[in-house]
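Quick notes on the structure that follows.
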Amino acid sequence: MEKKTLRELGAGLASLGLILSGVSAAQANLAGSTFEGNDGNLVTNTPGNSDWASLDVAGIVNKGVDKASGSSDNAFGQGTKEDSSAVSVVTGSIPPNKNDLTRFYEASETPSNGHTYLYLAWERLVNIGNANLDFEISQNVTAGFTTSTTGPVTLNRTAGDLLVSYDFGGSGTPTLGINTWLTAAAGNTVSQCFSANTLPCWGKHQTLGSSSSEGAVNTVPVVDPLQPGSPTLGVGLFGEAAIDLTAAGVIPVGTCESFGSAFVKSRSSSSFTAEIKDFIAPVPVTINNCGSITIKKVTQNEPVGGMQSFTYTTSSNLTGFSLSNGGSKQFKALPTGTYSVTEGDQSAPWNFVSLSCDTSSGVTKTGQSVSIVLGTSENVTCTYTNHYTNSPTVATVLVPASPITVGGTIHDTATLSGATATAGGTVTYKYYSNNTCTGGTQVGLPVTVTNGVVPNSDPVTFTTAGTYYWQAIYSGDPDNAKASSPCTSEQLVVNKAQPTVSTNQDLIPNDNFVLSSGYNPSGSITFNLYAPGDAMCTGPVVLTQTVTVSGNGTYSTTNSTVHATLVGTYRWMSTFTPGASDVNNLPVTSGCGVESFTINNG
């Protein structure tokens, strides 16, 4: 439950229906407090005030409950006195003249005036008129001292512990007082003891006046809403008190005192040296006007197992310290004052993200420094957050590998190392004609990195020979810094093309036929050209042409369209055939292959 101040609760008390009818209004509360500590009941009489019922709603009441009365109840053994630290707890029949305590309540507050108020209440089983009891308020807990304890117990008393005496004579207003535990280690002397002749002891008794205390025992039956079933308590079975510990000089304004345990015990009489009887075992309490400052450390994206340590300097009233992720440093028991904490400057891969505090009142933040004006009982928590940015590297591989020939196509690949498994961002591929990677040509659009995987670049066809330098440029993301592959790590050589030579003869063959020794020959000459491989000139002709003969002489073909391109030997065979009117000449043939030519291609 969220705890509220009594003043915040006061305005809503009337709605709780806890006003006890038939109980007269009490006198004024202690100055600065809303608690009705002298009305002898547990509920609020005046709207805007507070009482045990409202404190219980606020969750600030600490409750001690005794064992059931009878043979199973326990008490201090005979002879136990107030100054006894080594005590014995016994069980069995309880002497009839003792005050048989059943419950006690404790609460405290430190409102805006800086005073610390202590509220106490007790209940007993039987009204025997007078009541003599003490509340022991300790700084530390006594280990093993519980409701069911029996046997020897050594009370854990520390110099400065309080003993609040409550002496009620059977009617009227109870007398309240305070003693403080004294030790030799704290510089005390026996002369300061109240009744003992040796240290440690309870110091001089201070009777509290009306300006610092008030109390009452119920004179009419009252309801206890803090008990299960809200039973009614008879007359004289309930008593309460309110003490201004600051006005009493126990916890002055601006000092720091803290108590963490409380229990109650009864005395057989009003005498301080009387035998101690019943008790209700200690319960944890929180009584202090001290403040605290807590500094917490949070890191983001820190590598597993990193546990980077961050150093903090402080004002002279605090000590410097170091923290790693998840750690905290708490300064407890701080009096009011001004305190400062500064985190050391960050260097890569770390950077400062934020400094947040759970309150803005009295807190001034400047960069990595915080100044806190700490009020009474104020607790301030500030959290420093720092971020780890990975410093990845980029490696690239060209596919296919360098070199290539002008006109070839290539693409680049990139790999991120040292980045988070969830790395995002983009990679831009570029190539340059210089080894300083200035200017350059971007290859397509930037590709998107997903979980640290970088897609390939678009393919590029190089149409100009030369030397180029590729680079992959990573944009970074919130957890990973920007990075680029080294400029000269990926060099692409684009070679000039190497032409090849292949020759093929392409001839337009023609032939000459010299006709001689004829007698006025006439008729025709037929030229036939046979393809390679036709050594007998019996196959199809590649070229044939017939020309007219008129007398002896040289006759030629006039081919301009037939080409000879096959490798091998072409053979001519030509024949003169006399005409019908030529009765003076015989035919003549040049013979197959007499005339030939060969094509050799290299």
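Under mature numbering (1 follows the signal peptide of the UniProt record, and there is no 0), read the sequence shown as residues -28 to -1, 1 to 574, first letter to last. The beta carbon of each residue, even a glycine, is placed where N, CA and C say it ideally should be. For clarity, every value in this text was computed on a predicted model and none was experimentally measured.
Is it true that the CB of residue j sits closer than 7 Å to the CB of residue i?
| i | j | result |
| --- | --- | --- |
| H383 | P431 | yes |
| E95 | F210 | yes |
| F569 | Y527 | no |
| L148 | L180 | yes |
| T52 | I215 | no |
| N531 | V513 | no |
| W174 | L135 | yes |
| K301 | Y356 | no |
| Q272 | H359 | yes |
| G424 | A391 | yes |
| L92 | A213 | yes |
| residue 595 | S447 | Missing from the structure shown is residue 595; the chain here goes from -28 to 574 and no further. |
| S546 | S562 | yes |
| F76 | I252 | yes |
What residue range is occupied by the uninterrupted beta strand (DSSP E) comprising residue i?
| i | result |
| --- | --- |
| L295 | 293 to 295 |
| residue 645 | Outside the shown range of the chain (-28 to 574) lies residue 645, about which nothing can therefore be said. |
| S137 | 134 to 140 |
| A214 | 210 to 216 |
| Y404 | 398 to 404 |
| N46 | 46 to 48 |
| R239 | 230 to 239 |
| L198 | Neither: L198 is in no beta strand (DSSP E) and is coded neither H nor E. |
| P256 | 248 to 260 |
| I267 | 263 to 272 |
| L479 | Run containing L479: none; DSSP gives neither H nor E here. |
| F485 | 484 to 487 |
| T310 | 309 to 315 |
Just list the residues that DSSP pairs residue i with in beta bridges.
| i | result |
| --- | --- |
| L171 | Per DSSP, none; premise fails for L171. |
| S326 | T357 |
| M279 | None; M279 has no bridge partner. |
| S185 | I215 |
| M545 | N500 |
| N467 | T377 |
| N407 | For N407, which the question treats as bridged, DSSP gives no partner whatsoever. |
| E95 | R75, F210 |
| E567 | W544 |
| V425 | T422 |
| N362 | N452 |
| K176 | The partner list for K176 (beta bridge, DSSP) is empty, contrary to what the question assumes. |
Of the choices the options, whose alpha-carbon is the least far from that of residue i?
| i | options | result |
| --- | --- | --- |
| N13 | S202, C165, G123, S44 | S202 |
| Y403 | L464, T420, N99 | L464 |
| F117 | G36, Y89, V195 | G36 |
| K39 | F244, S238, K176, D250 | D250 |
| N572 | C564, T541, N557 | T541 |
| D506 | A3, W24, W544 | W544 |
| S143 | S182, N492, V192 | V192 |
| S319 | T130, P471, V514, S281 | S281 |
| V62 | S363, S120, T74 | S120 |
| T368 | A393, M279, V222, C459 | C459 |
| T74 | K237, S22, T331 | K237 |
| T18 | L27, E8, G563 | E8 |
| F548 | T410, N531, T537, T518 | T518 |
| F293 | G20, S312, V136 | S312 |
| G208 | G4, A103, E54 | A103 |
| N407 | C564, V371, E462 | E462 |
| L388 | C409, N362, T413 | N362 |
| T413 | D317, S429, E274 | S429 |
| Y89 | S57, G4, S288, N423 | G4 |
| A395 | G416, T420, V415 | T420 |
| T195 | G187, D23, T218, T365 | At residue 195 the sequence reads Val, which differs from the Thr that was named. Ranking the options by Cα distance to V195, first place goes to D23. |
| S242 | T114, A213, G101, N492 | G101 |
| G309 | C329, S328, S288, G316 | S288 |
| L515 | D330, D317, T537 | T537 |
| A219 | S240, S343, E186 | E186 |
| T529 | N556, G511, I497, P224 | I497 |
Can you tell me where the alpha helix (DSSP H) holding residue i begins and where it ends?
| i | result |
| --- | --- |
| V521 | Not the alpha helix (DSSP H): V521 falls in the beta strand (DSSP E), residues 513 to 522. |
| residue 591 | Coverage of the chain is limited to positions -28 through 574, which leaves residue 591 absent and any answer about it impossible. |
Compare the C-beta of residue i with all C-beta atoms of chain C and state if any pair is closer than 7 Å.
| i | result |
| --- | --- |
| A40 | Chain labels in this structure do not include chain C; a single protein chain is all it has. |
Could you check if residue i belongs to the surroundings of the ligand HEM, using beta carbon to heavy atom distance under 6 Å?
| i | result |
| --- | --- |
| K337 | In terms of ligand content, the structure shown is empty, and the ligand HEM therefore cannot be addressed. |
Does the stretch 107 to 114 come close enough to the stretch 228 to 236 that 3 or more CB-CB pairs lie under 8 Å?
yes
Three or more beta-carbon pairs under 8 Å between the stretch 440 to 451 and the stretch 389 to 405, yes or no?
yes
If contact is defined by three or more beta carbon pairs under 8 Å, each pair taking one atom from either stretch, is the stretch 321 to 333 in contact with the stretch 296 to 304?
no
At least 3 beta-carbon pairs within less than 8 Å: the stretch 79 to 88 vs the stretch 124 to 144
no
Cβ contact check for the stretch 461 to 478 and the stretch 359 to 378: 3 or more pairs under 8 Å:
yes
Quick test of the definition: if touching needs 3 or more C-beta pairs under 8 Å, does the stretch 450 to 459 touch the stretch 472 to 488?
no
Inter-stretch contact (C-beta, 8 Å, three-pair minimum) for the stretch 15 to 31 and the stretch 40 to 60:
no
Does the pairing of the stretch 253 to 269 with the stretch 345 to 357 give three or more beta-carbon distances under 8 Å?
yes
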